[in-house]
Structure formats: C-alpha cells, structure tokens
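Residue numbers (our numbering): 2 to 208.
For every residue, glycine included, the Cβ atom is placed at its ideal position computed from N, Cα and C.
See the structure below:
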C-alpha cells in the first residue's frame with residue numbers, strides 16, 4: 002500500500018501572528034499620534050490666548066503709567082506768583098508707581114517672543130516655564146506698586162480725621178481722577194497677570 006504524504010505548513014500561522022502584532026503596534030502609534038496632536042492643539046490655543054492677553058496687558062500698563070505721569074493740576078484762583086499745584090512727582094509713591102508700571106510694560110514687550118515660541122512649539126517646556134516664573138515675579142511688583150498707590154489715592158479722596166489729613170480731592174478733582182484711573186488700570190493688569198500664570202500652569206501640567 003502506498004503511504005499518503007503529509008505536508009505540514011508552519012509558516013502561515015507565524016506570519017499571521019507577526020502581522021497581527023504589527024497591526025497592534027501601528028494602532029498604538031496612531032492613537033499616540035492622535036493624542037499628541039490633540040494635546041498640541043489645546044496647548045497652541047492656550048498659547049494664542051496668552052499672546053493676546055499680553056498685548057492687552059501692554060496697552061493697560063502703558064496707559065496706567067502714562068496717565069499717572071501726566072497727572073497734574075493747578076488751582077486757577079491764585080495769582081501767577083502764588084499757586085497751588087499737584088503733580089505725580091509731589092508724591093514718592095506715585096513716582097514709584099510710574100517707574101514700576103513702566104518696568105512691567107517693558108517686561109511684557111520682552112516676553113512676547115517667548116509667547117510666540119509657545120505658539121510655534123506648543124509642547125516646549127522651557128519657554129513656558131520661563132514665562133511662568135517671570136510672570137510670578139512681575140505680578141508681585143505690579144501688586145506692590147498698585148496697592149501702595151491705592152492707599153495714597155484713598156487718603157487723597159477721604160483724608161484721615163485722626164491725623165488731621167484733609168482730603169485734597171475736593172480742590173484737585175482732575176488730578177485725583179487721573180490718579181484713580183491709573184490705579185484701576187493697573188488693577189486690571191494684575192488680573193491679566195493672574196490669568197497668564199494660570200495659563201502657564203495648565204500648559205505645564207498637561208505635560
């Protein structure tokens with residue numbers, strides 16, 4: 002009797018196994034790429050918002066410093082030899098405010114290139130970390146200058162009966178209005194800085 006020949010093909014199962022494993026790896030890579038793309042898109046959105054906030058903060062801080070710098074009023078009912086005048090340079094706190102807010106505005110201008118880098122490279126950690134640290138330092142300067150100036154503006158509006166400090170805003174109304182506007186503008190700048198710090202913290206956390 003002739004014996005039947007038996008052929009065993011062991012190649013195909015291994016091929017199928019290899020093909021299946023490659024498909025799984027490719028699928029994981031695709032999912033990782035999609036997740037990275039989604040994360041980069043959200044970070045780019047935060048970076049764009051960061052850039053726009055910095056532009057707005059530049060306008061506000063320059064405006065606050067300029068308004069305080071030009072705050073001046075002379076009472077009209079005295080002769081040219083005897084006049085009462087109020088200006089920002091009569092108060093050391095107001096001088097500090099002008100210098101500090103001008104420094105803050107300059108910093109914001111210098112920070113724009115770093116903000117642009119975070120838009121171009123949303124996954125970069127170094128520029129975002131630099132902005133976070135710098136914003137935290139600068140918001141401290143902004144807050145100290147604004148708080149000190151707000152205390153003087155309050156005294157100018159209300160005085161202090163306990164120390165016989167009379168409110169000067171009853172006479173120098175325009176001067177007080179200008180200084181008050183500068184303080185309000187700087188306060189908005191503080192809010193913008195807080196939002197910028199939160200944006201940087203969120204962007205770094207997602208790494």
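C-beta contact flag for residue 194 and residue 140 at 8 Å: yes
By how many angstroms is the C-alpha of residue 147 removed from the C-alpha of residue 188? 7 Å
Tell me whether the beta-carbon of residue 55 lies closer than 8 Å to the beta-carbon of residue 116. yes
For residue 75, does the three-state DSSP call read helix, strand or coil? strand
Between which residues of its own chain and residue 134 is the CB-CB distance below 8 Å, once the five residues before and five after are set aside? none
Using a 10 Å radius around the Cβ and a threshold of 16 neighbouring Cβ atoms, would you call residue 180 buried or exposed? buried
Keeping to the same chain, check which residues put their C-beta closer than 6 Å to that of residue 48; ignore five residues upstream and five downstream. 119, 120 and 123
Is residue 176 buried or exposed, if buried means 16 or more other CB atoms sit within 10 Å of its CB? buried
Short Cβ contact (8 Å threshold) for residue 209 with residue 145: Not covered by the structure: residue 209. The range shown for the chain is 2 to 208.
Whole-angstrom distance between residue 165 and residue 89, CA atom to CA atom: 22 Å
Whole angstroms is fine: what's the gap from residue 160's alpha carbon to residue 60's? 32 Å
Taking only the alpha-carbon atoms, compute the straight-line gap between residue 57 and residue 170 and give it to the nearest angstrom. 30 Å
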